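Some notes on the structure that comes next.
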Amino acid sequence: MNKILNFLFSFPFMGFLLLVMAFSMGIATFVENYYGTEAAQNLIYKSFWFSSVLVLLAINLAVNFVRHKMYTRQRISVGIFHISFIIILIGAGITRYISFEGVMHIREGQTSDFILSSEDNLTVKSGNQIVSNPVLFSEITPNDFDENIVVEGRKVRIKSVGFIKNAVQTVKEDPSGKAMIDFVVSQGQGRENYVFSKGNILNLGNVQLGFEQPGANFQFIDRNGSLFLAADRTVEIRSMTGGETTVVNANDTIPVETMQLYAIDGYMLLVKNFYTHAISVVEKDPSGNEGIDAVTMEISDGPNKQTVNVMGKHGMRGEPFMVQVGNAKLEISYGADPIYLPFALQLTDFQMEKYPGSMSPSSYASELVLIDNERNVKRNVRVFMNNTLNYRGYKFFQSSYDQDEGGTVLSVNADQLGTTVTYLGYILLGLGFVLALFSKTSRFHSLVQRLKQYSKPVGLVVFALLFLNLGSAKADSSELSPIPRIDQAVLTDFSRLWIQEQDGRIEPVSTLSSEILRKVTRKSSFEGRSPEEVMLGLYLYPEYWRNVSLVYVTNNQLKSLLGVTESRIPLTALFDDKGAYKLMEPVKAAFAKMPASRNVYEKEIINLDERVNVCFMVINGDAFALFPGVTKDVKWAFPGNSPAGLTNEESLFVNKGFELLKEAMNGQGQISARQIMASIASYQTKYGSSYLPSNSKKEVEIFYNSLNPFKRVFPIYLLLGFTLLIVLFVNIFRQKNIGSKVRMGFTLLIVLGFMLQTFGLALRWYISGHAPWSNGYESMVYVAWASMLAGVIFGRKYPMVIATSAMLSGIILFVAHLNWMNPEITHLVPVLNSYWLMIHVAVITASYGFIGMSAFIGLLVLILFSLSNPKNSKNVKNIILQLTTISEMSVTVGLYMLTIGTFLGGVWANESWGRYWGWDSKETWALVTVVVYSFVAHMRLIPSLKGIYNYTVATVVGFSSVLMTYFGVNYYLSGLHSYGRGSIDGMHWSVYVFAGIVVALLISSNLKHKNLDFENTK
């Protein structure tokens, strides 16, 4: 028994569990891709065996925490982050087994006191007996329900034997069949088809619709082959061909006619057909459209057996299906169950803001009344993206809305305890990692000391640094040749005008025009034309600019929809021959989905639609909010929209001034373009002088825009940092050390870049009037600055430190500018512009730099193993020891950052839509990478795996998990869930070539590595 326990608590068993966890999660993402989320949840994520793996890992961690005395002062830094994983697993267990989440749908004017669970259940009722089990049906896991129930003294077995995804229920006339109704029910969110036989019942909100089912509020009645409808309340009848609405009083019985719409408590009912003798057939929808699902149930009481199809769908309330068993009736339902709350919410108004001149939503919010009779609470609340409602342990998030804009969809989370415990684990995790990096008793510190022992006094190496032209080559500008150029003096005057952005900030036109160009084109200039010239040109010469390939689009599926192949397209490509907007329906469908449910394709549709709307805001003049109102609180007006309170002359100028500008630019007007710009500036001074920023701030902001310091500095950091690392590695091979002059030269250049970054931060502080770390972009710039500051302070003696800091700062700034290239310039408040998301992406991306460096070092070490021989073995061994030590330090820092970044992503998701872990492909592969490198970092503790060669192989092979996380998820894990089809259909040939080279290196190094004796060195 002791041997078994010792094995279960051993490091080898821990390593085995980590590998099982990593491989099973990776496989699960492919299962989800091909068979759906429910299949992956059923087979892996929510399976008993996978939970057992996590529990065994937690026990192993706890035992080793005590066994190796990680609670002592000498080892507490390591102990803290190890115990944090146990706390995180406990929090995850609370979230899964105790807490719950769901969705609340409310129509305007209505009140709801329940949510629909996110977990699906299959429920069987017979009299007072109820059997209800959570289920995860898919086409490869249809047998998820098998229960017995007693009916009339007999044991009846009920089990699921089949599942049809996106099924359609059709009716076929059959002389031996029974009476059936084929009808449609629609509401704000869409329409559903139903087929009823006698005894069936359907819940519509708080009322029931039945076919000769006692107790239903609305009854279909079969009278000698004719269909009638009776209701206990009024029903409105509307003809589909038009005409007046007829109101039917409660308890009246009326004949049902086709082509008639019956309005029932906000629902519209349309009867397509009534059959006196028919059978129902359920089959997979051949069109592939997403619809309702069907569970095939087998019901047997011994000698008798029958098979029925129960219709339902994930996230929809289960509708009861009546089955006759002997003289009794069974009621079977599949879908989400209602969970009643101790309070209610009333939707008084659903508000949606749209882009000017467009039907595309820019933001939406729910005005609610919170009603809690138990606590005598009644108050107004407002819920919108990133602004949640927290009440009595429930957290409400704005998720979606009805397509008719008459209702809202809120996601609801009841996980206060689980979130608190999990967040405590996250805090301890970060604290432990920081302490482990600086503790003198940690593994990282011992690696630093080992590296010092390997290093020798600095020697002299001659090195010449070649500066690269970082600018991009000009593209073919033939499209722009017919477009008139705008005089530079006019553009300068235009750039210096004040303008109000959609979020209310008053800034120079220089700033807004730069943001617009970056938003639309992902460029800071366009074919030699400044942002101001592009913005003003779009307004003045739209007939030319609409044919210019200006709008950025990258998704191949979206390109296919538009019929284009280039990465930038003209506005004309977005409209068909009849002038219809090609994205109209896709945009509606994408916005109707919850943000957490949108795939890559749908997100790209929304992004492209936003770029297009920005272009038309400029073309229509709606982006030129140049004219302040008479008072400070009035939103600035754009041309043709004169604010109240102006004189007749001023009002005429606001309405017609830009028309005069067009005439002046075409040489037709009596007044010059510069005079018009001067008049606008005078108008702004007259009505905005009391609150406009100072002229000095304007000048500084324009200078800051032209300098663009952070975009300029990150290529310098990356170039110098990477080059210095290469120089260091080359000199290791040559067994020489970098000379002091070369080291000082690199240090001086990096410090100059750091000074430019510091200057940029100071400018931004002055312009904004607050410390420059108040939003996601600024926080990343600040983190990059702090990282470089640490490198400057601690890198005086260690060029490896300053090189690594430069690389890290460059990577962080690069990620910041990925977002900066798509800045938020409208009043859209998308969840993906979250502060937490920006930090999460920055930390994770920076971790890839460290892990990538370890993989690069691993390849070098494999080459050294392959080239080793008895003559050079001593020198090669010394170099390998140095490189491997650096590699392990890099893996340690990378693993710490990757782990923190992954869990920060959980914080972002939880604060945005109430779920900190959803097992989508991207977050799952990030966790796979964490687990893989946790295994790599602990290999030295496993006797059969320790050693420099095994470690090196693991760093090279393990990097494939990073590549899968960063590239593979988007390109190869296409599906209906977290990510859409990627932009490539297969692997590039170079991938196979590189993989072949790595395999060849592994084989050759494996044949040679035993020539080098590394006993007791690792």
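So that you can map any letter, position 457 of the sequence shown is 560 in the numbering used here, and since no number is skipped, the others follow by simple counting.
For glycine and all other residues, C-beta sits at the position ideal for the given N, C-alpha and C.
Quick caveat: nothing in here was measured; it's all calculated off a predicted structure.
From K1113 to T525, what does the alpha carbon distance come to, in whole angstroms?
-> 46 Å
Pull up the distance between the alpha-carbon of I190 and that of G528, whole angstroms please.
-> 5 Å
Leaving out the 5 sequence neighbours to the left and right, which residues in its chain are closer than 7 Å to M283 when beta-carbon positions are compared?
-> V274, V298, F299, S300, Y378, A381, S383
Beta-ladder partner(s) of N167, from DSSP | Beta-bridge pairing by DSSP links N167 to no other residue.
Does the beta-carbon of R621 have 16 or more other beta-carbons within 10 angstroms, so that it is buried, or is it exposed?
-> In the assembly as shown, R621 is a buried residue. Its beta-carbon has 16 or more other beta-carbons within 10 Å.
How would you call A567, buried or exposed, if buried means at least 16 neighbouring beta carbons within 10 angstroms?
-> Residue placement at A567 is flagged as unreliable, the pLDDT there being 26, under the threshold of 50; the coordinate-derived value follows with that caveat. It counts as exposed.
Is E141 buried or exposed, if buried means 16 or more other CB atoms sit within 10 Å of its CB?
-> So E141 counts as buried.
Kindly confirm or deny that the segment 335-351 and the segment 360-369 touch, where touching means at least three C-beta pairs closer than 8 Å.
-> yes
For V593, I'd like the list of residues in its chain whose CB is within less than 7 Å of its CB, leaving aside the five on either flank, ordered along the chain.
-> Taken in chain order, the residues that qualify are A776, R777, M780.
Quick one: measure Cβ to Cβ for T1027 and T132, integer angstroms, because I've assumed they're closer than 8 Å.
-> Their Cβ separation, rounded to whole angstroms, is 5 Å, which keeps T1027 and T132 in contact under 8 Å.
Using the rule of at least 16 other Cβ atoms within 10 Å of the residue's Cβ for burial, across every protein chain shown, is M687 buried or exposed?
-> exposed
Check each candidate in G256, E636, V123, V757 and name the one with the smallest Cα separation from D596.
-> E636
Beta-carbon proximity list for H185, same chain, < 8 Å, skipping 5 on both sides | L164, N167, F168, M173, G535
Which residue from A865, F857, T826 puts its Cα closest to that of R846?
-> T826
Helix, strand or coil for F741, going by three-state DSSP, please let me know.
-> Three-state DSSP puts F741 in coil, outside helix and strand.
Tell me which same chain residues have a C-beta within less than 8 Å of the C-beta of L111, skipping the five on either side of it?
-> L159, I162, N163
R621: first and last residue of the uninterrupted alpha helix (DSSP H) it sits in | 612-624
Please name the residue in Q506, S670, G640, H920 whose C-alpha comes closest to that of A692.
-> The shortest C-alpha separation from A692 is found at Q506.
Can K662 and V656 be called in contact, C-beta distance under 9 Å?
-> yes
So is L534 in contact with chain D if we call contact Cβ pairs under 9 Å?
-> No chain D appears in this structure, which consists of one protein chain only.
Exposure of W152, with buried meaning 16 or more beta-carbon neighbours within 10 Å | exposed
Just reading off the alpha helix (DSSP H) that D325 is part of, what are its end residues?
-> Note, D325: premise wrong, no alpha helix (DSSP H); beta strand (DSSP E) at 321-326.
When you compare only the Cα positions, how much space is there between A143 and G1021?
-> 12 Å
Segment contact, 8 Å Cβ cut-off, at least three pairs: the segment 247-267 with the segment 413-433 = yes
In terms of residue numbering, what span does the alpha helix (DSSP H) encompassing W601 cover?
-> Note, W601: premise wrong, no alpha helix (DSSP H); beta strand (DSSP E) at 601-603.
Neighbour-count burial assignment, A865, 16 or more Cβ in a 10 Å radius = exposed
May I ask you to report which of helix, strand or coil DSSP gives K559?
-> Note that K559 has pLDDT 42, beneath the 50 cutoff, so the model's placement of it is unreliable and no number is given.
Own chain, CB closer than 6 Å to E401, minus 5 neighbours either side, in chain order = K262, V264, T410
Comparing alpha-carbon positions, which option in F813, L677, D590 lies nearest G640?
-> Closest option to G640, Cα to Cα, is D590.
Taking the alpha-carbon positions, what's the N516 to T523 distance?
-> For N516 and T523, the distance between alpha carbons rounds to 13 Å.
When we look at the beta-carbon of G118 and count the other beta-carbons within 10 Å, is it buried (16 or more) or exposed?
-> When all chains shown are included, G118 counts as buried.
Near S241, which residues of its chain fall below 6 Å by C-beta distance, leaving aside the five closest residues on each side in sequence?
-> Y138, G139, E141, A142
Which runs of the beta strand (DSSP E) fall wholly inside the segment 121-146 and span at least 3 residues, in chain order?
-> none
Assign S329 to buried or exposed, taking buried as 16 or more other Cβ atoms, counted over all protein chains shown, within 10 Å of its Cβ.
-> exposed
Beta-carbon proximity of F1062 to G961, cut-off 9 Å = Yes, these two residues count as a Cβ contact at 9 Å.
Buried versus exposed, by CB contacts within 10 Å (16 or more), Y504 | buried
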